[in-house]
Structures are given as C-alpha cells and as structure tokens.
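Asker:
Chains as they are written, first to last, in the working numbering: chain A, 1 to 177; chain B, 1 to 145.
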C-alpha cells in the first residue's frame, strides 16, 4: 500500500494565493480604492490602507462614508466568491496556477451600512461572515475596525444574488447550500 | 442661486473623495441636492461588462445625501451618516454618467432623514436608491422645529 505524500507547503500556498489574486485582479474599483486581502488559510481580512483621496470630511478628518460602504461591500462580495472558489480548488476541480476562468461575482441586491464612529485617517480592516448562502440568495454580515478589533467603526449587512449558469444548476466556484 | 452653486462647488472641492470620483453639482437648495459623476473605467466593478461598481454609486449617493442635509432650511453646521440602506435595481449602462438626486424630507432636533435615487441616461429606470439617517448639528441658538 502506498501512502501519497502531502504536497509541499509552498505549492499549496502558491495555488491558494493565485486563486485569490485571480479573484481580485479583474476588478478595477478594488485596485482604485487600494483594497488588499490578507489570507490565513481560508480566512480573509480586507485591508484599506489610508490614502488622502479616501477623505470625506477634511475638517475632522474622517473617511468618506461612501468609501466605508464600498469597502464593506467589497469585503462581503469577495468573501462570498472566495468561499466557493476555495471549495473548487481544494477538491482539485480547478487549478488557479494554470489559466483560471474569470469568476462571476455575486450581485448586490441591497446593502445596509451602520456607521458607528467616524473613520479615522488610518488603515481600516474588515472581515465578512456568510450567515446564509442558498442556491440563489446569500446574506452576509461585515465588521470593520481600525486600531482595536473590538471597537468597530462600521458594520454592514447585505443580500446578494448568486450568478446562475444557463442550465439552472448552481454556478461552479460559488457557494451552494 | 449662482452663489449657492459656487459654495457647493467649493464644498465638493474640499472633499478629497468627491473630487477623486469627479463629482459635480447640478443643483442645490432647500434640502435637495443633485450631483453627477462621469463614467470612469477605474470605477468598474465587473470588467467583463464594464459596469460601474456599486460602491462608487454608493459614494455618490452618500455625498448627495449629505449635501441635501447641509442645504436644509434649518442651516445645519455639520452632518454625518448614521446609516444608509442601498437597493440596487439594475446595472448602470457602461459609458454613461450617474446622477444622484437626494432629498432631506424630514428633520428632528438632531436627526435628518434622506432619500436618494441614482440614474444613468434613462431617468425613468433608476439604477439604485437609498434611504439614510444623518446626524444634524444645528447652529448654536437655533430653534428646534
């Protein structure tokens, strides 16, 4: 009986990082805002490095409310798409280091942002949690903080439409029930 | 009227993110604000279709809402978003500017309520709408309604 040796850790990391890059690289607006993602295993943290162009109130100064909304929405959409992509990749059905077909992103139905305190002129972080992901709809909650993880400056909840392939079965690369 | 547009322009000029997105006032006054944002490939959310990212539309609607509060007859000295709920109706047509029309339709002593819609060239079918609650800082000595 032969036992297959596990893949070297660099090979696994390379594949997972390629999948994440493939997911993000196609979206101009994510690059425009400068949003990055930190990956630890399958856990993602969105990072918004501070930039002068993100300011909405120069007197305080504070981040623009629209920037905060966009940051939370991006974190939610990427978390949702990443969940499905991860499953496909770990099951060996896709190889992100080869040519990866562009992932069809979920569409936002609605998004509610709760502004808890003003966004300071510093880096911001966000993590999203998928509360429900069915065949067609998903509900995602996002928390965002700056200096202290426990002191959120904003949170959001959104509903999303999962892209459907032409034949009506759940899209590959996106979460299913 | 030209005065208020001038002031409005300075208001936008002073907001780095509004300037970054190329926002421009169309009209302003009496608790209503209309602001447009040109189409820009940098703000695209779906490269396959060239459709703008919802976040850029949210930023425009949030700015228009804040401006609507600031030009309310109670003459607030400052405002900040408490919450904003955005509904997305359809993809914005690539290449077309987006116009947000915001109305501050009710104020209390310390809170302003706003509704706003966003449209592309087809005014009859908005791309998104939002409702929000904003903080309202009244001038010192001002009377509550």
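No residue lacks a Cβ here, since even glycine has one placed at the ideal position from N, Cα and C.
Since the structure is predicted, the reported quantities are computational estimates derived from the model, not experimental observations.
Using only the alpha-carbon positions, how far apart do residue 25 of chain B and residue 15 of chain B sit?
Answerer: Between residue 25 of chain B and residue 15 of chain B, the C-alpha separation is close to 13 Å.
Asker: Please name the residue or residues paired with residue 185 of chain A in a DSSP beta bridge.
Answerer: The shown model of chain A, from 1 to 177, leaves out residue 185 of chain A, and the question about it has no answer.
Asker: Taking DSSP's pairing of strands, which residues face residue 57 of chain A in a bridge?
Answerer: According to DSSP, residue 57 of chain A bridges with A/62.
Asker: Look at residue 101 of chain B and residue 34 of chain B and say whether their C-beta atoms are less than 8 Å apart.
Answerer: Yes, the pair counts as a contact, with Cβ atoms nearer than the cut-off.
Asker: Measure how close the beta-carbons of residue 137 of chain B and residue 77 of chain B come, nearest whole angstrom, since I'm counting them as under 8 Å.
Answerer: Contact holds; Cβ gap of about 5 Å.
Asker: Give me the Cβ distance between residue 133 of chain B and residue 118 of chain B, rounded to the nearest whole Å; I'm assuming they're in contact under 8 Å.
Answerer: The pair is not a contact, with the Cβ atoms about 19 Å apart (cut-off 8 Å).
Asker: Look at the Cβ atom of residue 46 of chain A, then the Cβ atom of residue 138 of chain A, and state whether they are nearer than 8 Å.
Answerer: No. Outside cutoff.
Asker: Would you give the residue range spanned by the beta strand (DSSP E) that residue 17 of chain A belongs to?
Answerer: Counting along the chain, residue 17 of chain A falls outside any beta strand (DSSP E), though it belongs to the alpha helix (DSSP H) covering 9-25.
Asker: Hey, could you find the ends of the alpha helix (DSSP H) residue 61 of chain B is sitting in?
Answerer: Segment 54-70, the alpha helix (DSSP H) holding residue 61 of chain B.
Asker: What are the residues in the segment 110-123 of chain A lying within 9 Å of chain D by C-beta distance?
Answerer: Looking at the structure shown, chain D is missing, and the protein chains on hand are A and B.
Asker: Here's the rule I'm using: 16 or more other beta-carbon atoms within 10 Å means buried, otherwise exposed. How should residue 96 of chain A be labelled?
Answerer: Per the 10 Å Cβ criterion, buried.
Asker: Start and end of the beta strand (DSSP E) containing residue 118 of chain B?
Answerer: 111-119 is the extent of the beta strand (DSSP E) around residue 118 of chain B.
Asker: Over the uninterrupted beta strand (DSSP E) stretch that includes residue 86 of chain B, give me the two end residues.
Answerer: Taken as a continuous stretch (DSSP letters only), the beta strand (DSSP E) holding residue 86 of chain B covers 78-88.
Asker: Going along the chain, which residues of its own chain have a beta-carbon closer than 7 Å to the beta-carbon of residue 7 of chain B, five neighbours each way excluded?
Answerer: Here the set comprises nothing.
Asker: Taking the alpha helix (DSSP H) that residue 33 of chain A belongs to, which residues open and close that run?
Answerer: Here the alpha helix (DSSP H) through residue 33 of chain A covers 28-33.
Asker: By the three-class DSSP mapping on this structure, what secondary structure does residue 37 of chain B have?
Answerer: Strand, per DSSP.
Asker: Check the C-beta distance from residue 59 of chain B over to residue 64 of chain A and give it rounded, since I have them as a contact under 8 Å.
Answerer: The Cβ separation is near 6 Å, so the contact holds.
Asker: Just checking my contact of residue 122 of chain A with residue 147 of chain A at CB under 8 Å: how many whole Å lie between their CB atoms?
Answerer: Indeed they touch by this definition, with Cβ atoms about 7 Å apart.
Asker: Between the C-alpha atoms of residue 48 of chain A and residue 98 of chain B, what's the straight-line distance to the nearest angstrom?
Answerer: Straight-line Cα distance between these residues: approximately 25 Å.
Asker: Between the Cα of residue 88 of chain B and those of A/11, A/37, A/4 and A/159, spot the shortest distance and give me the residue it belongs to.
Answerer: It is A/159.
Asker: Under 7 Å between beta-carbons, which chain A residues line up against residue 87 of chain B? List them in chain order, please.
Answerer: In chain order: 110.
Asker: Using a Cβ-Cβ cut-off of 8 Å, state whether residue 164 of chain A counts as contacting chain B.
Answerer: Chain B, which has no Cβ nearer than 8 Å to the Cβ of residue 164 of chain A, makes this no.
Asker: Is residue 72 of chain B close to chain A, meaning its C-beta is less than 8 Å from at least one C-beta of that chain?
Answerer: With 8 Å as the cut-off, residue 72 of chain B does not count as an interface residue toward chain A.
Asker: Let me know the secondary structure DSSP gives residue 28 of chain B once reduced to three states.
Answerer: Of the three classes helix, strand and coil, the one that applies to residue 28 of chain B here is strand, per DSSP.
Asker: Using the beta-carbon count (16 or more within 10 Å), is residue 111 of chain A buried or exposed?
Answerer: Buried.
Asker: Opposite residue 6 of chain B in the DSSP bridges: which residues?
Answerer: BP columns for residue 6 of chain B are empty, so no partner.
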